[in-house]
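A short write-up of the structure that comes next.
Residue numbers (the numbering used here), protein chains in the order written: chain A, 173 to 250; chain B, 1103 to 1386.
Written as structure tokens, this is what we have:
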């Protein structure tokens, strides 16, 4: 706990949680956006490829693991 | 009186967040937790369902539960076939993968019943039931068994020495490839952690979100928690499919190395055949 001269205490645990959520969710969001971009480009060049490329979109769940790890760390910090 | 009745549906004073299971009782010194109890109930249920449906499957399709199980089996077997290559290998390995798919999906879905949570308590303050996959111990066990089964299938397919050899690019005497091979083997073990964590986090965080939204809508809790329960239905099925798909891909990667020499001569054209093709095209 950081104490100011004016007798206010900053709760650094809440601050840490906020910063961690803010910075942590940038990565997975950009990653999923890049996958969407690649999917759109590929389907745009060859519209029939959406049949077999749609199945591989479950790769988003692998990236989602990183976002969930950040969210779960919220409950580890006291 | 209506407000009294409505307040029975309201959540507690704070959202009930459970990450770890709670111990219930002991049998011969072994502690049984509430998620172990629910996992046992789910296992017995899945045994009864799958054996009954397996007996009732006929050539002409039937409606109802049989159809649902048949659709799931077809789905996983087709996935096995497209990943592994031929149909008989897919049929050889499909019992384990189909069972684990249905077990994880049912265990995720049974966690959405109103039975879970603070409604039924054991000692007055500990919930009696807790979903099996919302517990890190449960998913670690599932992921460990999946990894052991994949190694067992790979060793049965290509022999123990060949299976060990595909971690190493070159010979054993070269120190660089030896070290890289050992690192590869260790990073194989991190697949257990990633499979377990993905399943556990998706299900546990879904439960936390449902309980937070049930707490926010105090007497309208059944309405405010409804959209996220629908989302959790979809997420439960999707995470079961991803678990099984990743296990199948690990098996395909571990097995495909041994089959390189069989398909080599059939698929690739030799130099003379390519030259004849070019000559044929040039003369036309």
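Virtual Cβ for every residue (Gly too), placed ideally from N, Cα, C.
Bear in mind that the values here come from a model prediction, so they are computed numbers and not experimental data.
Three-state secondary structure (DSSP) of residue i
i              : result
residue 1303/B : helix
residue 1132/B : strand
residue 1223/B : strand
residue 1229/B : strand
residue 1126/B : strand
residue 1218/B : coil
residue 181/A  : strand
residue 248/A  : coil
residue 1416/B : Residue coverage of chain B in this structure runs from 1103 to 1386, which leaves residue 1416/B outside it and unanswerable.
residue 174/A  : strand
residue 223/A  : helix
residue 1274/B : coil
residue 1265/B : helix
residue 217/A  : helix
residue 1237/B : coil
residue 1160/B : coil
residue 1364/B : At residue 1364/B the pLDDT is 45, less than 50, meaning the model places this residue with poor confidence; the figure from the coordinates comes in the next sentence. Here residue 1364/B sits in helix by DSSP.
residue 199/A  : helix
residue 1116/B : coil
residue 1148/B : helix
residue 1176/B : helix
Chain A contact residues for residue i, given Cβ-Cβ distances below 8 Å
i              : result
residue 1303/B : 237, 240, 241, 243, 244
residue 1347/B : 230
Counted within 10 angstroms of its Cβ, other Cβ atoms place residue i as buried (16 or more) or exposed
i              : result
residue 1215/B : exposed
residue 1237/B : buried
residue 1138/B : buried
residue 1244/B : buried
residue 1364/B : Low local confidence applies: a pLDDT of 45 at residue 1364/B is under 50, so the model's placement there is unreliable, with the coordinate-based value given in what follows. Exposed, because fewer than 16 other Cβ atoms sit within 10 Å of the Cβ of residue 1364/B.
residue 1193/B : exposed
residue 1233/B : buried
residue 1210/B : buried
residue 1146/B : exposed
residue 1204/B : buried
residue 1175/B : buried
residue 220/A  : exposed
residue 1303/B : buried
residue 1341/B : buried
residue 249/A  : exposed
residue 1123/B : buried
residue 1227/B : exposed
residue 1231/B : buried
residue 1334/B : buried
residue 1367/B : Here the model assigns residue 1367/B a pLDDT of 46, short of 50, so the residue's position is not dependable, and the following value carries that caveat. Looking at its Cβ environment, which holds fewer than 16 other Cβ atoms inside 10 Å, residue 1367/B is exposed.
residue 1259/B : buried
residue 1229/B : buried
CA-to-CA distance, residue j to residue i, given in whole angstroms
i              : j              : result
residue 1272/B : residue 1347/B : 30 Å
residue 1264/B : residue 1343/B : 30 Å
residue 1305/B : residue 1135/B : 18 Å
residue 1266/B : residue 1201/B : 28 Å
residue 1329/B : residue 1132/B : 39 Å
residue 235/A  : residue 1130/B : 43 Å
residue 209/A  : residue 1308/B : 28 Å
residue 237/A  : residue 198/A  : 13 Å
residue 1318/B : residue 1310/B : 12 Å
residue 1326/B : residue 1212/B : 20 Å
residue 204/A  : residue 1157/B : 44 Å
residue 1463/B : residue 1336/B : Since the displayed chain B opens at 1103 and closes at 1386, residue 1463/B lies outside it and no answer follows.
residue 1255/B : residue 1180/B : 18 Å
residue 218/A  : residue 1182/B : 27 Å
residue 1250/B : residue 1339/B : 23 Å
residue 1314/B : residue 1117/B : 5 Å
residue 1148/B : residue 1169/B : 16 Å
residue 1198/B : residue 1152/B : 12 Å
residue 1224/B : residue 1312/B : 22 Å
residue 184/A  : residue 174/A  : 7 Å
Chain B contact residues for residue i, given Cβ-Cβ distances below 8 Å
i             : result
residue 211/A : What residue 211/A touches in chain B: nothing, since even the nearest Cβ is about 17 Å away.
Interface residues of chain A facing residue i [CB-CB closer than 9 Å]
i              : result
residue 1300/B : 233, 234, 236, 237, 240
residue 1178/B : Result: empty, since nearest Cβ-Cβ is about 14 Å, beyond 9 Å.
residue 1340/B : 230, 233
residue 1296/B : 234, 237
Neighbour list for residue i in chain B, Cβ cutoff strictly below 9 Å
i             : result
residue 247/A : 1119, 1121, 1310
Chain-ordered neighbours of residue i on chain A, where CB pairs are closer than 7 Å
i              : result
residue 1307/B : 240, 243, 244
residue 1344/B : 230, 233
Distance cut-off 7 Å: residue i Cβ against heavy atoms of the ligand MN
i              : result
residue 1183/B : The ligand content of the structure shown is nil, which means the ligand MN is not present either.
Segment contact, 8 Å Cβ cut-off, at least three pairs: the segment 1283–1300 of chain B with the segment 1208–1222 of chain B: Counting Cβ pairs under 8 Å, fewer than three are found: no touch.
Cβ contact check for the segment 189–207 of chain A and the segment 239–246 of chain A: 3 or more pairs under 8 Å: yes
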